[in-house]
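To start, the structure under review is shown below, and the notes come after it.
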Amino acid sequence: MYRLNDKAKELNLYSPVSERFRIHLDANESFLTLPDTVMSRITKAIQELPLNRYPDPTAEEACQAFSRLYGVERGCVVAGNGSDELISIIFNVFLQKDEAFATIEPDFSMYAFYGQLSEGRHVSIKKEKDFTIDIDNTIKTCNNEAVKLLIFSNPCNPTSIGITAAAAARLISGVEALVVLDEAYMDFWEESLLPRFEAFDNLIILKTCSKAFGMAGIRLGFAVAQQPLAEALMAAKSPYNVNAVTQCAGSIVMEEKDLQAKALGTILASKAQLEKELRVMAEKSGSFTLLQGHTNFLALEMENPEAFYNYLKNAGIAVRFTAGFIRVTCGTQEENREFLQYAENYFLGDA
Ligand SMILES: *Cc1c(COP(=O)(O)O)cnc(C)c1O
């Protein structure tokens, strides 16, 4: 009889909200769909693709569109099947069995997952009470524990809190480890290290089309690093990791600068609306703390997030809960209004 090895036995299934809800504010996607004009350009381009052939292994057009958009050198860009795949590849190639990797908790749960899969030793560093990162302590811990790979999101999912580019730079310069800086939400803030990535030989920056670009469904992410790191990633990935349809759609959307600027404005306006009303509710009720973040979602720190989660679930509204938090993605005006109504009933119902 075949027996699973310990590594396989210990895996926990990633469990996003998988049922269909009336309103989805759980996955930090964009609530905006593409305009018809862009959608038909994509459809037309896809019709012309030779789908009997393998896709371009370098995802040339998509990487060029990305490098133009962010002003980074093409040779430093590697495309992945979502940045999630890139995280997996990074652990595979840059961490060897029993070597230490560090996360700064709470943070994106997939980091520890892939670290475990690579049979690394997990060094878990705690964030401060206000969910900022203690830079000095992190540097010290990484270097004392011989950490080979440090990974964190900035701004952070699930807390929404970020550190400045200067603080991130100090952290990266201070550690001997390879640093993976996940900027999945940095399009919503202005503390990116992307303009300065070339100054660091131990840095990989991750970006995604899943959040600000509203393209979570196509699965497209990018890693940016100095050439030796980018080349190692290229060599380690599976050759046809980004499919032809995704390469095509991604290239077209990334060329649409005006569309992106407009979408970003709409998303930030939605967030401002949600934030303003939640801030009042937090003060009135005293039942939760609204964190002051820089993402397309809001983090509500509270005693029993699961109870609030279930209350919303019964109303057909999906949010995420993690230890001590409710994370709510900003939605359309109507979605926000519905969420706020239920939140008000829940927190201020007796008032
Ligand atoms: C959403 C998210 C990503 C993006 O993952 P994709 O695989 O590109 O969709 C990466 N990191 C964090 C922290 C995220 O929240």
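Heads up: the sequence shown at position 277 corresponds to 278 in the working numbering, and the numbers run straight through without jumps. From the three backbone atoms N, C-alpha and C, an ideal C-beta is built for every residue, glycine too.
- Within the same chain, Cβ atoms closer than 6 Å to the Cβ of residue 243 are found at 60, 80, 82, the five residues on either side in sequence being excluded.
- Sequence-distant Cβ neighbours of residue 173 in its own chain, meaning closer than 6 Å and more than five residues away, are 180, 201, 204.
- Taking a C-beta distance under 7 Å as the contact criterion, residue 290 and residue 29 do not qualify as a contact pair.
- Sorted by position in the chain, 83, 84, 85, 109, 154, 158, 183, 185, 209, 211, 222 make up the residues whose C-beta lies under 5 Å from a heavy atom of ligand 1.
- Taking the Cα positions, residue 115 is about 25 Å away from residue 170.
- Cβ-Cβ separation between residue 217 and residue 33: approximately 12 Å, too far for a contact (criterion under 8 Å).
- The Cβ atoms of residue 31 and residue 215 lie closer than 7 Å to each other.
- The continuous alpha helix (DSSP H) containing residue 175 extends over residues 166-175.
- Apart from sequence neighbours up to five positions away, the residues of its chain that approach residue 168 with a beta-carbon distance below 8 Å are 134, 136, ordered along the chain.
- Nearest in C-alpha terms to residue 15, of all of 211, 323, 235, is 323.
- By the 16-neighbour rule on beta-carbons within 10 angstroms, residue 221 is buried.
- Taking 7 Å as the cut-off, the beta carbon of residue 178 is found closer than this to the beta carbon of residue 148.
- Residue 285 sits exposed, since fewer than 16 C-beta atoms from the chains shown fall within 10 Å of its C-beta.
- For the pair residue 315 and residue 69, the Cα-to-Cα distance works out to about 45 Å.
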